[in-house]
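Asks: Next up is a structure, given as structure tokens.
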Amino acid sequence: MNIATYVRRNLFRRVWRTLLTMGVVALTVLIFCLIRTAIASFTGGVDDAAADRLAIRHKVSITMQLPKHYIDDLRQVPGVEKATWANWFGAKDPKRRVPFFAGIAVDRDSFFEVQTDMLLPPDQLAAWKQTPNGAVVGDQLAKLFDLKVGSRLVINSDIYPGDWDFQISGIYTATRKTVDRSSLVFRWDFLNNDPRSVFSKEKLGWMLARISDPSKSADISKRIDAKFDNNDDQTMTMSERAFQLSFLGGFVALLSAFGLGSLVILLIMALVLANTIAMNVRERTHEYGVLRAIGFPPGHVFGFIVGESLLVALAGGLIGVGLVVGLINHTLGPAFDANPGFLRNFFTPTSTIVIALAAAVGLGLIAGVVPALGASRLKTTDALRRLD
Numbered sequence: 051m052n053i054a055t056y057v058r059r060n061l062f063r064r065v066w067r068t069l070l071t072m073g074v075v076a077l078t079v080l081i082f083c084l085i086r087t088a089i090a091s092f093t094g095g096v097d098d099a100a101a102d103r104l105a106i107r108h109k110v111s112i113t114m115q116l117p118k119h120y121i122d123d124l125r126q127v128p129g130v131e132k133a134t135w136a137n138w139f140g141a142k143d144p145k146r147r148v149p150f151f152a153g154i155a156v157d158r159d160s161f162f163e164v165q166t167d168m169l170l171p172p173d174q175l176a177a178w179k180q181t182p183n184g185a186v187v188g189d190q191l192a193k194l195f196d197l198k199v200g201s202r203l204v205i206n207s208d209i210y211p212g213d214w215d216f217q218i219s220g221i222y223t224a225t226r227k228t229v230d231r232s233s234l235v236f237r238w239d240f241l242n243n244d245p246r247s248v249f250s251k252e253k254l255g256w257m258l259a260r261i262s263d264p265s266k267s268a269d270i271s272k273r274i275d276a277k278f279d280n281n282d283d284q285t286m287t288m289s290e291r292a293f294q295l296s297f298l299g300g301f302v303a304l305l306s307a308f309g310l311g312s313l314v315i316l317l318i319m320a321l322v323l324a325n326t327i328a329m330n331v332r333e334r335t336h337e338y339g340v341l342r343a344i345g346f347p348p349g350h351v352f353g354f355i356v357g358e359s360l361l362v363a364l365a366g367g368l369i370g371v372g373l374v375v376g377l378i379n380h381t382l383g384p385a386f387d388a389n390p391g392f393l394r395n396f397f398t399p400t401s402t403i404v405i406a407l408a409a410a411v412g413l414g415l416i417a418g419v420v421p422a423l424g425a426s427r428l429k430t431t432d433a434l435r436r437l438d
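When we follow my numbering, the leftmost residue of the sequence shown carries the number 51, and every step to the right adds one.
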């Protein structure tokens, strides 16, 4: 009899204990991947941000606006190839099909030259530039609202009162994860000329700059901020990644706490495994004494115990991986993708699944080592005396 045979035959001697332990491991893998997937969904697009774009906002807060003439000054800064601007609109669907989605007022002539990750057919771009109340929507938002080019869309805003009537001039697709496919983009001059926007007239929410050399982004950022240092409204220039994170605000700290929580969950799994294996060892001490008496060396006893712990962890881990693929990648992911919101690309990466499975097996190994060492070091006579 070898170690593998012994482990396989003894695995289900306590059927419910083994099944429950596997269930804990599987649930731990699922929860770990769920947390990591949520974190990746919020921040994954941030990591894919363009290196050659900088964002410029008010130094005090992103909620404070900048004078419009700043865009002309920005374009004169050495290293800046192109620049554009945008204002946050805060779009809401009056029919409550979606409680909230991104609405942005942008410069018609320069926005799509800087934001090249939003692909819009040339004919649709031209039509949008010629339509005062024209709007461009992401392909996901168009699908949700059943919009086509030429459709009429009436929305509300958290900032600007009343109904806003738009004509859909184009539907864009995205080439980067940073791009929200559920946004509405319309002309800044349409917003600026409306009496309801008097408090933000001739104001910019933020500016975007495409730079010539991404390796010099830090120096160019300093030049930009220095350009406005002596003005009443000073600026803060940052990478596109940092700008994306600034929208999350304090939620970044919460995501970090969730990340630590996922590690605590793995620790709990290790403790459950260790407790299960320790109970099995305690019940089989007399049996191990018999094995030692008939000639099995301490290494075999050690292998029996560690092997069983590894097998339980591996089986539970594989069940957990199946749950991750079924519940997250084939259920939650498509459901979130079909609806606008912060949870985009809600799919567990293969790397996360591999890490979770490796962690389960690794912790299974660690959980089995301590009781295995104790059992293998017992004297044969002491082990034979134990009958419970």
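C-beta atoms are modelled at their ideal positions from N, C-alpha and C, and glycine is treated no differently.
Following the continuous beta strand (DSSP E) through Val374, name the residue where it begins and the one where it ends.
Replies: Neither: Val374 is in no beta strand (DSSP E) and is coded neither H nor E.
Asks: With DSSP run on the structure shown, which of helix, strand or coil describes Gln217?
Replies: In the structure shown, Gln217 sits in a strand (DSSP, three-state: E or B).
Asks: Return yes when the Cβ of Ala406 is within less than 8 Å of the Cβ of Val79, no when it is not.
Replies: Yes, the pair counts as a contact, with Cβ atoms nearer than the cut-off.
Asks: Pop quiz: Leu323 and Val371 are said to be a contact at Cβ under 8 Å. What is the actual Cβ separation, rounded to whole angstroms?
Replies: Not quite, the Cβ-Cβ distance comes to about 17 Å (not below 8 Å), so this is no contact.
Asks: Could you pull the start and end residues of the alpha helix (DSSP H) that Gln161 belongs to?
Replies: The amino acid occupying residue 161 in the given sequence is Phe; Gln does not appear at that position. Segment 161-164, the alpha helix (DSSP H) holding Phe161.
Asks: Looking only at its own chain, which residues have a Cβ that is under 8 Å from the Cβ of Asp167, when we skip the five neighbours before and after it?
Replies: Cβ within range, chain order: Ala100, Ala224, Thr225, Arg226, Thr228, Val229.
Asks: Helix, strand or coil: how does DSSP classify Lys118 here?
Replies: In the structure shown, Lys118 sits in coil (DSSP, three-state: anything other than H, G, I, E or B).
Asks: Taking just the CA atoms, how far does Leu169 sit from Ala176?
Replies: The straight-line gap from Cα to Cα measures roughly 13 Å.
Asks: Using the DSSP secondary-structure output, state which residues sit across from Ala141 in a beta bridge.
Replies: Its beta-bridge partners are Phe151, Ser207.
Asks: What's the call for His108, buried or exposed, on a 16-neighbour Cβ count within 10 Å?
Replies: Its Cβ being crowded by 16 or more others within 10 Å, His108 is buried.
Asks: Can you check which of these residues, Leu377, Met257, Ala292, Ile378, is closest to Lys132 by C-alpha distance?
Replies: The shortest Cα separation from Lys132 among Leu377, Met257, Ala292, Ile378 belongs to Met257.
Asks: Just verifying my parser: in three-state terms, what is the DSSP assignment at Ile443?
Replies: The question about residue 443 has no answer, for the chain in this structure spans 51 to 438.
Asks: By DSSP's criteria, Thr285 is part of a beta bridge. Which residues make up the other side?
Replies: For Thr285, which the question treats as bridged, DSSP gives the partners His108.
Asks: Taking the alpha helix (DSSP H) that Arg273 belongs to, which residues open and close that run?
Replies: Unbroken alpha helix (DSSP H) run through Arg273: 267-277.
Asks: Just the C-alpha distance for Pro421 and Ile355, rounded to the nearest angstrom, thanks.
Replies: Using only the alpha carbons, I get a separation of about 8 Å.
Asks: Locate the beta strand (DSSP E) running through Phe236, then write down its first and last residues.
Replies: From DSSP, the beta strand (DSSP E) with Phe236 extends over 234-237.
Asks: Using the DSSP secondary-structure output, state which residues sit across from Lys253 in a beta bridge.
Replies: For Lys253, which the question treats as bridged, DSSP gives the partners Pro117.
Asks: Could you check the C-alpha separation between Val130 and Ser250 for me, to the nearest Å?
Replies: Taking the straight line joining both Cα atoms gives about 26 Å.
Asks: Assuming Ala185 is part of the beta strand (DSSP E), what are its boundary residues?
Replies: First-last of the beta strand (DSSP E) with Ala185: 184-188.
Asks: Is it the case that the stretch 262-269 contacts the stretch 214-224, given that we only count it when at least three CB pairs across the two stretches are under 8 Å?
Replies: Judged by Cβ distances under 8 Å, the stretch 214-224 makes no contact with the stretch 262-269, as fewer than three pairs qualify.
Asks: Any idea what DSSP makes of Ala100, helix, strand or coil?
Replies: DSSP places Ala100 in coil when its eight states are reduced to three.
Asks: What residues in its chain sit with their C-beta under 8 Å from that of Ser15, if we drop five residues either side in the sequence?
Replies: Only positions 51 to 438 of the chain appear in this structure, which leaves residue 15 out of reach.
Asks: Just how far apart, CA to CA, sit Ala365 and Gly73?
Replies: Computed Cα separation, rounded: 9 Å.
Asks: At what residues does the alpha helix (DSSP H) containing Pro172 begin and finish?
Replies: 172-180 is the span of the alpha helix (DSSP H), which, as asked, contains Pro172.
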